[in-house]
Structure formats: structure tokens, C-alpha cells
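Sequential numbering from 0 applies to the sequence shown in numbering that gives the first Met the number 0.
Glycine residues also receive a C-beta, built at the ideal position from the N, C-alpha and C atoms.
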Amino acid sequence: MQGLRHQFLAHARFAAQQHGDPAGSGLGQAARRTALTPLPVYCGSDQWMAPALRLGARGVISVLSNLCPEAVRILCQSQQKGCEQSAAAQQRHLAALTDALFCEVSPSPVKYALSLLGLCRAEVRLPLVPLQPGSRER
0 MQGLRHQFLA HARFAAQQHG DPAGSGLGQA ARRTALTPLP VYCGSDQWMA PALRLGARGV
60 ISVLSNLCPE AVRILCQSQQ KGCEQSAAAQ QRHLAALTDA LFCEVSPSPV KYALSLLGLC
120 RAEVRLPLVP LQPGSRER
């Protein structure tokens with residue numbers, strides 16, 4: 000499988016790769032990806048932005064940034080400037096909100112949060128389902 004991945008990454012149509020869940024596949028794998036491939040790696044897990052950036056990820060693909068882009072920008076820039084304590088503090092500050100945005104497997108939590116700010120409606124279309132009442136409290 001690893002050989003197939005490198006064939007895809009060598010293809011001219013790929014500009015970068017996303018590393019989704021460092022907790023599931025290991026931060027070590029994220030570090031290896033940044034070291035072994037010529038393409039930039041982007042962290043795709045809001046819960047692991049600071050550690051992934053510290054290991055060499057070029058940036059993030061973030062759900063959280065839809066809700067508070069400035070906070071995500073500060074976290075990323077802090078880490079990229081080598082201010083690891085500041086980035087870690089920002090990651091901890093955002094932890095409860097990040098957890099709430101992923102309380103259900105759906106874009107429903109972020110849509111609900113954005114609706115509270117008046118930026119969209121909370122309704123979703125099938126096959127998605129609305130945020131459960133218990134999750135709204137988070």
C-alpha cells in the first residue's frame with residue numbers, strides 16, 4: 000500500500016496531502032509523512048493542530064476555522080514562528096469548543112454553532128441529520 004501512496008503522491012495533479020487523525024494512525028506517521036514525501040502535509044484534525052505543525056505539517060484543514068478563523072491563524076502562526084508554548088496554550092484554549100464541534104459525526108455541530116452566530120441556518124439535508132438536542136448544550 001505504501002508504494003501505491005508514493006505513486007499517487009508523485010503524480011503531477013497532487014499538490015499536497017492531508018493527514019487526518021494522528022491519534023488513530025500515530026503522530027509518528029505524521030512525522031514520517033513530512034520527512035518522506037516531497038509534498039507538503041496538512042493536518043486535517045483540529046484536535047492535533049499544534050503537534051502536527053510541530054512535526055512539520057505545513058498548515059491545517061480545519062472545521063474550527065469556520066467558526067473562529069483568527070484563533071486558528073494565531074495557533075498556526077505561533078507554531079510556525081517556533082512559539083510552541085503559545086501554540087499549545089491556544090490549542091488548550093480551543094479544546095472544549097473543538098470537542099463540541101466533533102460531538103457527532105456530521106457537519107451538523109459546526110452548522111449549529113454558525114447558526115448561533117447568525118451566519119447560516121442549522122438545517123441540514125438528508126442523508127445528514129440535525130444535531131441532537133443533548134449535543135446542542137455543549
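Secondary structure in the stretch 37 to 121: the alpha helix (DSSP H) runs of 4 residues or longer, each lying completely within the stretch, are 48 to 53, 63 to 66, 68 to 79, 83 to 100, 107 to 115 in chain order. By the C-beta criterion, the stretch 80 to 91 is judged to be in contact with the stretch 47 to 55, since at least 3 inter-stretch pairs fall below 8 Å.
For Asp98, the number of other beta carbons within 10 angstroms of its own is below 16, and it is reported as exposed. Counted as a single uninterrupted DSSP element, the stretch harbouring Pro129 is not any alpha helix (DSSP H), since DSSP gives it neither H nor E. Here the alpha carbon of Leu96 sits roughly 34 Å from the alpha carbon of Pro37. Between Lys110 and Ser44, the alpha-carbon positions lie close to 18 Å from each other. The alpha-carbon of Leu116 is positioned some 20 Å away from that of Arg72.
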